[in-house]
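Mind the numbering: the sequence shown is residues -8 to 177 in the working numbering, read in order.
Glycine included, each C-beta is placed from N, C-alpha and C at the ideal position.
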Amino acid sequence: MPDAFAFLAARRSHPARTLAAPAPEGAALDAILAAGMRVPDHGKLEPWRLILCAGPALARLAALIRDRGPALGRDEADIAKVAATWEGSPLAVVVVASPKASAKIPEIEQTLSAGALCLGLVNAAEAAGWGANWLTGWPVYDRGFTEAGLGLGPQEWVAGVVHIGTVTAETPDRPRPDLARIVSRA
């Protein structure tokens, strides 16, 4: 599959600030979500779930970031930057790691499955012609934000926020790791 390999070899994330409306919706979004979920789920355990945030939901979450930031010791510039990322996003897909009790599937494998879902969504969105970026940031590590803003349960946490939209600027490639430095043979 040379076309698929060429896509993966050249794929890059687009900074969230360069993504604008429109974002995929309806059947186009469902196709991206379905393709992104083609990750190891360990016997249909599905140790994750998705929360779709757009429009008013993103504005509400940005306001919560502005409210919680000072109490968490964040400076004004940082709070403004992070809130603007959420508020300016046309679509944010929050990937929630939701580990299940299992004698067969260790929690670390469930965690890796949630990370694979994040990358799967980025790749699916990019392959469908949209721009995408997988981010986290301090709000997703704040239980007050995740519980009040996203409704997460006590055993859940955010694996990533995948921002998806229309690319408004060319994204230059970044330096890539030196294979000779990081690859060894056993």
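For the structure I just gave you, are there three or more beta carbon pairs, one from the segment 112 to 121 and one from the segment 165 to 175, closer than 8 angstroms?
no
With H, G and I counted as helix, E and B as strand and the rest as coil, what does DSSP make of R40?
strand
State the beta-bridge partners of T137 as determined by DSSP.
In DSSP, T137 forms no bridge with anything.
For W77, collect the residues of the same chain with a Cβ closer than 6 angstroms to its Cβ; drop the 5 residues on either side in sequence, then sort them by chain order.
Hits under 6 angstroms: L49, L52 and A53.
Taking 8 angstroms as the threshold (C-beta atoms), are A150 and W39 in contact?
yes
Give me whichever residues DSSP pairs with V158 in a beta bridge.
L10
Would you kindly work out how many angstroms separate the C-alpha atoms of Y132 and G140, rounded to a whole number?
12 angstroms
6 angstroms Cβ shell around W148 - same chain, five flanking residues per side excluded
A88
Whole-angstrom C-beta distance between L108 and V86, which should lie under 8 angstroms:
5 angstroms
So, at 6 angstroms on beta carbons, what are the nonlocal neighbours of I155 in its own chain, with the 5 sequence-adjacent residues on each side left out?
A14, L82, A116, W121 and A123
Go ahead and label S175 buried or exposed: buried means 16 or more other beta carbons lie within 10 angstroms of its beta carbon, across all protein chains shown.
exposed
What is the DSSP secondary structure of V174, reduced to helix, strand or coil?
coil
Starting from G122, follow the beta strand (DSSP E) in both directions and report where the run begins and ends.
G122 to L126 is the extent of the beta strand (DSSP E) around G122.
Could you check where the alpha helix (DSSP H) with V30 kicks off and where it finishes?
That residue, V30, is in no alpha helix (DSSP H); it is neither H nor E in DSSP.
Would you kindly work out how many angstroms separate the C-alpha atoms of A105 and P97, rounded to a whole number?
13 angstroms
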